[in-house]
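These notes concern the structure reproduced below.
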Amino acid sequence: MGPVGTAAVRDGGAALPGGFWAAVRVWLEKPQVANRRLCGAAIEAEGTVLLGESEEGSSRITAVPGGGTGEGPQGAAELSRLWREVSGHLPPSLTARGQPGSELRAVLRTLLPRARPAGPPAPPTKELVLQDVYNGTVTFLPLEENKEGKYQIKKCNTYEIQLMHIKDEEWSVSIVALSSEDWFSDGITYPKLAWLGNELLPKLAKWSVEQKHSEFRSTLSLISVAKYCKVYQDLKEKYKEMVKVWPEVTDPEKFVYEDVAIATYLLILWEEERKEKGLAKKQSFVDLGCGNGLLVHILSSEGHSGRGIDLRRRKIWDMYGPETHLEELSIMPGDSHLFPDTDWLIGNHSDELTPWIPVIAARSSYSCSYFVLPCCFFDFHGKYSRKQSKKTQYREYLDFVAQVGSVCGFHVEEDCLRIPSTKRVCLIGKNRTYPPTECALIDNQITRYIHNRQTCPVVACDRGVGFNHKDCSDVCKEAGSGLPENEMETSGRIWMPGFQPREKVEQIRNCAALPRDFVDDVVLNVANLLLNTVPQKSCSNTHGGNMNTWNQGESLSLREVAEHLNKETLKRLKSEYGGLQTLLKNNHQVFEVLNGRVHIRDWRKEKPSRKTKPEVKRCLSAEAYKTRLCWFFIHHPNGCALPSESCPYAHGTEELRQSKTIKKKKHTQ
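Start counting at 1 in the sequence shown, then tack on 113, and there's your number in the numbering used here.
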């Protein structure tokens with residue numbers, strides 16, 4: 114037995130020992146957050162096992178199914194069989210601590226490696242994890258299958274995580290290898306001892322006292338992680354060529370692999386639904402606000418009949434072929450846009466349609482389900498307005514969309530996707546909370562709810578994903594139910610006449626389309642304001658042996674800068690996204706905006722980033738060299754702080770080079 118490392122932990126917030134077990138749970142369920150070479154872990158079974166043997170010589174065990182993919186009788190039976198095979202070969206350190214009959218919490222997990230760039234992926238490995246709560250230890254027992262098909266412990270790779278109370282607020286977390294001399298490492302499922310001590314141990318110590326309570330569900334909590342990893346790697350390999358031929362200006366790797374991940378999730382979710390309901394035919398779908406259409410293309414290619422609808426056609430649509438059905442159409446929520454023959458409606462970053470998708474699904478048919486991945490915050494009739502300050506805006510908006518689904522009679526489930534996005538929580542409505550005979554009642558309830566959202570503030574209730582639809586009726590009643598009788602009829606109507614879909618041709622409102630003379634005037638005014646504000650900052654300019662001082666000016670808040678601009682200028686800037694801040698950031702040659710304050714940029718302090726900058730961006734920077742005039746050379750009272758040979762901008766027209774880059778017309782996703 115050899116210690117790998119020990120980390121001292123100071124617990125000023127009374128997080129321990131509970132925080133330690135929460136940290137262990139993270140390492141059990143989500144090892145990929147520490148070990149990036151893992152795709153994840155599948156919890157096959159959980160239960161309570163007893164140390165010692167019965168009179169018959171067989172291990173005594175009480176299998177208690179826990180959460181995860183292996184819960185139920187099969188998971189309990191697997192854990193019981195495994196315990197009988199290995200309980201007689203446990204490490205001495207484990208049996209020495211516990212008395213016969215002592216309870217241990219057992220977790221059987223499968224570690225799932227990520228695909229390697231070259232060669233076949235490493236095989237999954239099983240681990241039996243034994244938690245001794247009384248003694249504050251967790252023992253990880255890697256398992257190998259022998260020729261007879263029975264499991265045995267890979268003793269050379271057994272390790273323990275230990276929590277020890279020193280005194281008062283002082284604790285320690287340690288990792289101990291039970292056979293450090295024979296330790297085997299493949300760098301993936303069997304990490305190096307140095308990694309356990311230098312990488313995993315500090316993370317466990319940090320997690321133990323963080324006391325961070327996530328307001329979201331665990332990632333991939335509704336599906337099998339093992340299946341997800343397998344299907345995701347297969348689809349990623351199958352559709353990786355899309356990255357090379359991506360014709361849009363958006364980042365191909367982000368959008369391709371994000372849509373692959375969403376498609377993976379849906380394919381597994383739908384497979385499980387077919388098993389639950391005994392369906393033979395694959396589900397049909399409609400993706401509302403399908404954007405680049407890649408998700409539609411993948412789902413269609415994997416055997417699901419469906420189509421995508423968006424109000425703007427994308428260039429990439431022409432690359433998919435006739436099997437991928439995409440329509441350029443504006444959706445107005447109403448009876449003319451229902452989908453009675455469709456099994457699932459999808460809203461993947463569907464913007465203003467997001468809150469309408471549960472409504473459209475509910476009114477399309479009793480069997481229609483939905484999947485939404487909310488991103489931008491929209492209500493039924495425009496931008497969503499916050500009602501609470503105790504929650505984040507994102508959490509509050511998710512609760513609103515979940516409430517819409519519940520009002521529509523769905524049992525709403527929430528999950529976190531594994532995608533490269535900060536907005537990765539999805540909401541799923543696949544089961545109803547009411548019998549088919551109550552469809553008319555629910556339809557009237559939906560109408561009242563939408564009417565009340567438009568006419569008066571709705572009382573925001575605490576989050577209750579999946580709560581009974583009768584509770585949602587109370588929400589509608591609290592908001593008021595004085596709806597005229599003729600408004601209850603929805604047949605043939607647009608459900609909200611004031612609804613405005615996005616414009617087909619999206620206006621550029623990021624200050625890039627403002628007249629050049631207007632922008633130049635604002636830049637000059639703001640720069641003079643900063644340069645003439647006292648007291649002035651000066652820095653010695655030693656370039657070329659010249660000891661002149663160069664005026665850096667003062668920093669001002671965006672609010673202070675705005676107060677010095679005339680009303681017409683401010684009015685024009687307010688019509689742009691981001692307003693004054695966006696304009697100043699666009700002119701990064703002159704300004705630096707940090708933490709809401711505006712500074713004159715000092716190019717002498719700019720650090721070269723050649724090591725971290727991608728090759729493509731370095732090439733673009735080289736092509737842009739000396740293709741624009743230096744603002745400081747022309748306008749700054751002290752000229753440019755850099756000599757001509759060091760400045761990336763031209764000091765006079767004689768230095769100007771012709772730009773070789775062609776500006777692309779911007780397209781949306």
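Glycine included, C-beta positions come from ideal geometry on N, C-alpha and C.
Beta-carbon separation (whole angstroms), Val-636 vs Asn-700, contact threshold 8 angstroms: Within the sequence shown, the letter at position 523 stands for residue 636. Within the sequence shown, the letter at position 587 stands for residue 700. 5 angstroms between Cβ atoms; contact.
8 angstroms Cβ cutoff met for Leu-241 and Leu-256: Taking the sequence shown and counting its residues from 1, one reaches residue 241 at position 128. Taking the sequence shown and counting its residues from 1, one reaches residue 256 at position 143. Closer than 8 angstroms, so yes.
Which residues DSSP lists as bridging Val-146, in chain order: Counting from 1 along the sequence shown, the entry for residue 146 is found at position 33. Val-146 is not bridged by DSSP to any residue.
Rounded separation between Lys-503 and Thr-535 - CA only: The count along the sequence shown starts at 1 and reaches residue 503 at position 390. The count along the sequence shown starts at 1 and reaches residue 535 at position 422. The C-alpha of Lys-503 lies about 20 angstroms from the C-alpha of Thr-535.
Residues near Lys-739 by beta carbon distance below 6 angstroms, same chain, minus five either side: By one-based count along the sequence shown, residue 739 stands at place 626. Around Lys-739: Ala-763, Glu-768, Arg-770.
Integer-rounded CB distance, given that Gly-153 should sit under 8 angstroms from Val-338: For the purposes of this step, residue 338 is taken as residue 225 along the sequence shown, with counting starting at 1. For the purposes of this step, residue 153 is taken as residue 40 along the sequence shown, with counting starting at 1. Between Gly-153 and Val-338 the Cβ distance is about 4 angstroms, and since that is below 8 angstroms, they are a contact.
Strand pairing of Met-277, partner residues [DSSP]: By one-based count along the sequence shown, residue 277 stands at place 164. The partner list for Met-277 (beta bridge, DSSP) reads Ser-285.
Buried versus exposed call for Gly-542 [16 or more other C-beta atoms within 10 Å across all chains shown]: Residue numbering aside, residue 542 sits at position 429 when the sequence shown is read from its first letter. Burial is judged here by how many other beta carbons sit within 10 angstroms of a residue's own beta carbon; Gly-542 has at least 16 and is buried.
Host alpha helix (DSSP H) of Val-485 (start-end): Reading the sequence shown from its first residue, position 372 is the one you call residue 485. Here Val-485 belongs to no alpha helix (DSSP H); instead the beta strand (DSSP E) covers 482-486.
Test item: CB-CB of Leu-164 and Thr-208 under 8 angstroms: One-based indexing of the sequence shown puts residue 164 at position 51. One-based indexing of the sequence shown puts residue 208 at position 95. Yes; because the gap between Cβ atoms is below 8 angstroms, this pair is in contact.
Own chain residues within Cβ distance below 8 angstroms of Glu-371, not counting five before or after: The count along the sequence shown starts at 1 and reaches residue 371 at position 258. Ile-532, Pro-533, Ser-534, listed in sequence order.
Straight-line Cα distance separating Gly-709 from Ser-331: Within the sequence shown, the letter at position 218 stands for residue 331. Within the sequence shown, the letter at position 596 stands for residue 709. Annotation: Ser-331 to Gly-709 spans about 34 angstroms, alpha carbon to alpha carbon.
Cut-off 6 angstroms between Cβ atoms - residues of its own chain near Thr-119, not counting five sequence neighbours on either side: Here residue 119 refers to the residue found at position 6 of the sequence shown. Residues of the same chain with a CB within less than 6 angstroms of the CB of Thr-119, apart from the 5 flanking positions on each side, are Ser-285, Ser-287 in chain order.
Reference Gln-702; option with closest CA among Gly-692, Ile-713, Thr-695, Gln-694: As a first step, residue 702 is located in the sequence shown; it is residue number 589 there, counting from the start. That would be Ile-713, whose Cα lies nearest to the Cα of Gln-702.
Where the alpha helix (DSSP H) containing Asp-630 begins and where it ends: As a first step, residue 630 must be located in the sequence shown, where it is residue number 517. Element bounds for Asp-630: 629-645.
Which of helix, strand or coil DSSP assigns to Leu-697: Here residue 697 corresponds to residue number 584 of the sequence shown, with the count starting at 1. Of the three classes helix, strand and coil, the one that applies to Leu-697 here is helix, per DSSP.
Close beta carbons around Phe-491, own chain, < 7 angstroms, minus the five adjacent residues each side: Position 378 of the sequence shown, counted from the start, is the residue given in the question as residue 491. Counting only Cβ-Cβ distances below 7 angstroms, and skipping sequence neighbours, we find Asp-464, Glu-465, Thr-467, Pro-468, Tyr-497.
Pair within 8 angstroms by beta-carbon distance, Cys-539 and Tyr-479: By one-based count along the sequence shown, residue 539 stands at place 426. By one-based count along the sequence shown, residue 479 stands at place 366. Going by C-beta atoms, Cys-539 is not nearer than 8 angstroms to Tyr-479.
C-beta atoms of His-494 and Met-355 nearer than 8 angstroms: Against the sequence shown, residue 494 aligns to sequence position 381. Against the sequence shown, residue 355 aligns to sequence position 242. Contact: no.
Proximity winner among Leu-642, Lys-319, Phe-253, Glu-191, relative to Gly-125 (alpha-carbon distances): Within the sequence shown, residue 125 is the residue found at index 12, counting from 1. That would be Lys-319, whose Cα lies nearest to the Cα of Gly-125.
Distance CB(Arg-210)-CB(Asn-259) smaller than 8 angstroms: What you label residue 210 is simply residue 97 of the sequence shown in a count that begins at 1. What you label residue 259 is simply residue 146 of the sequence shown in a count that begins at 1. Not in contact: Arg-210 and Asn-259 (Cβ atoms no closer than 8 angstroms).
Start and end residues, beta strand (DSSP E) containing Trp-359: By 1-based counting over the sequence shown, the position of residue 359 is 246. Where Trp-359 is concerned, there is no enclosing beta strand (DSSP E), given that its DSSP letter is neither H nor E.
Of the residues Leu-627, Arg-387, Lys-305, the one placed nearest Arg-685, counting alpha carbons only: Taking the sequence shown and counting its residues from 1, the one referred to as residue 685 is at position 572. Closest in C-alpha terms to Arg-685, from the list Leu-627, Arg-387, Lys-305, comes Leu-627.
Inter-residue CB distance, Lys-395 and Gly-416 (contact presumed, cutoff 8 angstroms): Your numbering for residue 395 matches position 282 in the sequence shown. Your numbering for residue 416 matches position 303 in the sequence shown. Confirmed, Cβ separation roughly 5 angstroms.
Cα-Cα separation, Gln-567 to His-462: Locating residue 567 in the sequence shown gives position 454, counting from the first residue. Locating residue 462 in the sequence shown gives position 349, counting from the first residue. One alpha carbon belongs to Gln-567, the other to His-462, and they sit about 23 angstroms apart.
Nearest-angstrom beta carbon gap, Gly-460 and Gly-402 [assumed within contact, 8 angstroms]: In the sequence shown, counting from the first residue as 1, residue 402 sits at position 289. In the sequence shown, counting from the first residue as 1, residue 460 sits at position 347. Confirmed, Cβ separation roughly 6 angstroms.
Asp-245 burial status per 10 Å Cβ neighbour count (16 or more: buried): The residue given as residue 245 occupies position 132 in the sequence shown. Result: buried.
Tyr-264, DSSP secondary structure in three states: The residue you call residue 264 lines up with position 151 of the sequence shown. It is a strand residue.
Cross-strand partners of Glu-705 (DSSP beta bridge): One-based indexing of the sequence shown puts residue 705 at position 592. DSSP output for Glu-705 lists His-712 as bridge partner(s).
Beta-ladder partner(s) of Gly-391, from DSSP: The residue given as residue 391 occupies position 278 in the sequence shown. The partner list for Gly-391 (beta bridge, DSSP) is empty, contrary to what the question assumes.
Same chain, Cβ closer than 6 angstroms to Ile-607, neighbours up to 5 away in sequence not counted: Indexing the sequence shown from 1 puts residue 607 at position 494. Sequence-distant partners of Ile-607 (beyond 5 residues in either direction) whose C-beta falls short of 6 angstroms from its own C-beta, in its chain, are Met-445, Gly-447.
From Gly-666, Arg-672, Val-322, Leu-669, residue whose alpha carbon lies closest to that of Arg-123: By one-based count along the sequence shown, residue 123 stands at place 10. Answer by Cα proximity: Val-322.
Exposure label - Ile-375; buried when at least 16 CB within 10 Å: Stepping through the sequence shown from its first residue, residue 375 is reached at position 262. Answer is buried; the Cβ neighbour count reaches 16.
Span separating the alpha-carbon of Asn-641 from that of Thr-363: In the sequence shown, counting from the first residue as 1, residue 641 sits at position 528. In the sequence shown, counting from the first residue as 1, residue 363 sits at position 250. The alpha-carbon atoms of Asn-641 and Thr-363 are separated by roughly 37 angstroms.
Nearest-angstrom beta carbon gap, Leu-408 and Asp-528 [assumed within contact, 8 angstroms]: The count along the sequence shown starts at 1 and reaches residue 528 at position 415. The count along the sequence shown starts at 1 and reaches residue 408 at position 295. Contact flag wrong, Cβ pair sits at about 17 angstroms.
Span separating the alpha-carbon of Lys-687 from that of Thr-455: As a first step, residue 687 is located in the sequence shown; it is residue number 574 there, counting from the start. As a first step, residue 455 is located in the sequence shown; it is residue number 342 there, counting from the start. Cα to Cα, Lys-687 sits roughly 43 angstroms from Thr-455.
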